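S.K.:
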Ligand code: UDP
Ligand code: MG
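Below is the structure:
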């Protein structure tokens with residue numbers, strides 16, 4: 012069994028995958044430890060998997076898993092983690108935005124005793140709208156979730172095998188790796204790096220990022236439910252006060268309300284509020300349904316380099 016495993020999800024990364032494998036291989040070699048590189052092809056529509064098969068001739072430490080369709084980055088990472096056998100597992104993107112040259116530093120911090128080594132970004136190589144959106148998300152997540160994760164830490168990290176085992180055991184369907192990693196705890200070390208810009212269009216589309224943000228917030232926080240409760244309570248109190256006011260005014264015969272406006276506004280506002288609250292509850296119920304079904308998080312269609320399982 013190798014000492015180090017690298018797990019990298021790849022979706023339509025045919026152009027970059029060769030450079031990724033080369034640079035990762037060189038970085039791992041320089042640590043002087045035995046290693047494996049597991050690239051999970053997340054149902055790519057291009058030649059990523061073919062490229063991986065070719066590269067295996069040159070790099071015997073390379074292993075590849077092909078998922079039966081596009082399951083998303085989180086599922087792909089989980090698939091890789093489930094197949095990794097190293098004493099330490101390094102998780103990174105395959106698009107070279109997580110520079111492989113940082114791996115020796117991660118490893119040395121692990122050897123110094125940390126069981127989780129997180130790479131934090133000094134500079135994010137993303138466009139301004141993407142940075143703003145992720146900034147808002149991280150603020151919400153830190154403010155309202157039950158775990159604490161550095162806002163500038165991404166997927167890129169090293170986890171000891173004990174932590175990897177714990178992460179594998181967390182079989183939830185809606186996954187947020189950073190949250191799960193923070194939830195697991197353990198001694199933590201940090202390494203800083205400048206994140207380069209990626210070549211080509213991001214594979215993680217805005218829709219996918221939004222879904223991830225939803226998964227993260229709803230699976231690590233009850234704040235939305237509480238928000239519905241608090242808003243509902245405040246509005247109810249205000250309404251009781253207003254009703255009392257109307258009652259007194261009426262009794263004293265001061266002012267007979269001709270009002271249609273008040274009624275219409277109140278009904279519309281409360282109706283809207285109820286729908287919001289229902290929607291929030293629905294979001295959790297949907298997620299519970301999804302978890303209860305217990306469908307697999309990923310489905311493997313082919314593997315290369317895992318002798319017994321290869322097909
Ligand atoms: N990725 C994936 N499945 C997807 C989308 C992305 O495995 O459905 C991979 C992608 O190939 C890359 C990593 O996840 O290696 C991060 O994707 P990207 O660079 O698009 O996103 P960002 O760097 O903004 O997180
Ligand atoms: Mg990227």
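Numbering (this note's numbering), first residue to last: 12 to 322.
Even for Gly, the Cβ is constructed at its ideal location relative to N, Cα and C.
Just so you know, these numbers come straight off a predicted model, no measurement behind them.
In chain order, what are the residues with a CB under 6 angstroms from some non-hydrogen atom of the ligand MG?
M.R.: Here the list is 104, 106, 108, 209 and 213.
S.K.: Taking one C-beta from the region 184-197 and one from the region 232-240 each time, how about it: are there three or more such pairs within less than 8 angstroms?
M.R.: The region 184-197 is not in contact with the region 232-240.
S.K.: Is residue 20 near the ligand UDP - that is, is its Cβ less than 6 angstroms away from at least one heavy atom of it?
M.R.: Residue 20 Cβ: within cutoff of the ligand UDP.
S.K.: Residue 254: buried (16+ other C-beta within 10 angstroms of its C-beta) or exposed?
M.R.: Exposed, since its Cβ has fewer than 16 Cβ neighbours within 10 Å.
S.K.: Which same chain residues end up closer than 7 angstroms to residue 188 when comparing Cβ atoms and leaving out the 5 residues on each side of it in sequence?
M.R.: Only 85, 88 and 166 meet the Cβ criterion.
S.K.: Mark residue 103 as exposed unless 16 or more other C-beta atoms lie within 10 angstroms of its C-beta, in which case mark it buried.
M.R.: With 16 or more other Cβ atoms within 10 Å, it is buried.
S.K.: If you run the structure through DSSP and keep just helix, strand and coil, what is residue 51?
M.R.: Strand at residue 51.
S.K.: In chain order, what residues of the same chain lie with their CB nearer than 7 angstroms to the CB of residue 227, ignoring the 5 residues before and after it?
M.R.: Closer than 7 angstroms at Cβ, skipping near neighbours: 152, 187 and 190.
S.K.: Between residue 256 and residue 262, what straight-line distance do the alpha-carbon atoms span, to the nearest angstrom?
M.R.: Each residue's alpha carbon lies about 10 angstroms from the other.
S.K.: For the beta strand (DSSP E) that residue 200 lies in, which residues bound it at each end?
M.R.: Segment 199-205, the beta strand (DSSP E) holding residue 200.
S.K.: Label residue 170 either buried or exposed according to how many other C-beta atoms from any shown protein chain fall within 10 Å of its C-beta, with 16 as the threshold for buried.
M.R.: Buried, by the Cβ-count rule.
S.K.: For the beta strand (DSSP E) containing residue 168, list its first residue and its last residue.
M.R.: Per DSSP, residue 168 belongs to the beta strand (DSSP E) from 164-171.
S.K.: Of all the options 46, 215 and 299, which has the alpha carbon lying nearest to the alpha carbon of residue 12?
M.R.: Out of 46, 215 and 299, 46 has the C-alpha closest to the C-alpha of residue 12.
S.K.: At which residues does the beta strand (DSSP E) containing residue 78 begin and terminate?
M.R.: Looking at the DSSP string, the run of the beta strand (DSSP E) that includes residue 78 is 73-78.
S.K.: Considering only the alpha carbon of each residue, which of 123, 21 and 15 lies closest to residue 201?
M.R.: The option with the nearest alpha carbon to residue 201 is 123.
S.K.: Tell me the rounded alpha-carbon separation between residue 139 and residue 145.
M.R.: Using only the alpha carbons, I get a separation of about 10 angstroms.
S.K.: Between which two residues does the alpha helix (DSSP H) harbouring residue 118 extend?
M.R.: Run containing residue 118: 114-122, per the alpha helix (DSSP H) assignment.
S.K.: With the cut-off set at 7 angstroms, would you say residue 111 and residue 214 are in Cβ contact?
M.R.: The answer is no: Cβ separation not under 7 angstroms.
S.K.: Alpha carbon to alpha carbon, how far is residue 241 from residue 252? Give it in angstroms, no decimals.
M.R.: Using only the alpha carbons, I get a separation of about 17 angstroms.
S.K.: Using a threshold of 6 angstroms, is the CB atom of residue 53 nearer than that to any non-hydrogen atom of the ligand UDP?
M.R.: True, at least one ligand heavy atom lies under 6 angstroms from that Cβ.
S.K.: Just the Cα atoms here: how many angstroms apart are residue 216 and residue 100?
M.R.: Between residue 216 and residue 100, the C-alpha separation is close to 26 angstroms.
S.K.: Skipping 5 residues on each side, what residues in its chain have a beta carbon closer than 6 angstroms to that of residue 120?
M.R.: Around residue 120: 128 and 200.
S.K.: Hey, out of 70, 42 and 57, whose CA is closest to residue 49's CA?
M.R.: Of the candidates 70, 42 and 57, the one whose C-alpha sits nearest the C-alpha of residue 49 is 70.
S.K.: When you compare only the Cα positions, how much space is there between residue 309 and residue 91?
M.R.: Cα to Cα, the separation comes out at about 10 angstroms.
S.K.: Should residue 56 be labelled buried (16 or more other beta-carbon atoms within 10 Å of its own) or exposed?
M.R.: That one is exposed.
S.K.: Could you give the DSSP three-state label for residue 257: helix, strand or coil?
M.R.: Here residue 257 sits in helix by DSSP.
S.K.: Assuming residue 108 and residue 209 make a contact with CB atoms under 8 angstroms, what is their CB distance in whole Å?
M.R.: So it is a contact: roughly 5 angstroms between Cβ atoms.
S.K.: Going straight from the alpha carbon of residue 277 to that of residue 238, what length do you get?
M.R.: Rounded to the nearest angstrom, the two C-alpha atoms are 20 angstroms apart.
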